[in-house]
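See below for the structure under consideration.
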């Protein structure tokens, strides 16, 4: 299953790893904000989320870093790239 399919079928949880200021400037509806610098200290929070976790940020760089780290911790997660791409895929979701 692709990241686009996961988002469109509304499976899992979308986590935006940008700063709170960036997140407040615009984000995917229903996404939660866990900034990249907090990810290592919030493993239990990630484990409690509905899997799979789709990570996003501004360009895909920070979400890629979070993805690699969380995957090493055994979490079911994907790098969704830019929040704008994730937002687009969500807009195509079957309602």
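Numbering (full-length UniProt numbering), first residue to last: 1 to 95.
Just so you know, even glycine gets a beta-carbon here, dropped at the ideal spot from N, CA and C.
Keep in mind that this is a model prediction, so the values were computed, not measured.
C-beta atoms of residue i and residue j nearer than 9 Å
{"i": "residue 52", "j": "residue 76", "result": "yes"}
{"i": "residue 157", "j": "residue 54", "result": "For residue 157 there is no data in the structure shown, the boundaries of the chain being 1 and 95."}
{"i": "residue 8", "j": "residue 84", "result": "no"}
{"i": "residue 67", "j": "residue 50", "result": "no"}
{"i": "residue 60", "j": "residue 26", "result": "no"}
Contacts around residue i, its chain only, beta-carbon distance under 6 Å, and the 5 residues preceding and following it disregarded
{"i": "residue 32", "result": "15"}
{"i": "residue 87", "result": "28"}
Environment of residue i [buried if 16+ CB atoms lie within 10 Å]
{"i": "residue 63", "result": "buried"}
{"i": "residue 30", "result": "exposed"}
Contacting residues, own chain, Cβ-Cβ under 7 Å from residue i (five flanking each side not counted)
{"i": "residue 3", "result": "54, 78, 80"}
{"i": "residue 73", "result": "43"}
With a floor of 4 residues, list each alpha helix (DSSP H) that falls wholly inside the UniProt domain "Rhodanese" (8 to 88), ordered by position along the chain.
As summarised for the UniProt domain "Rhodanese" (8 to 88), the continuous alpha helix (DSSP H) elements at least 4 residues long and confined to that stretch are 20 to 24, 43 to 48, 61 to 72, given in chain order.
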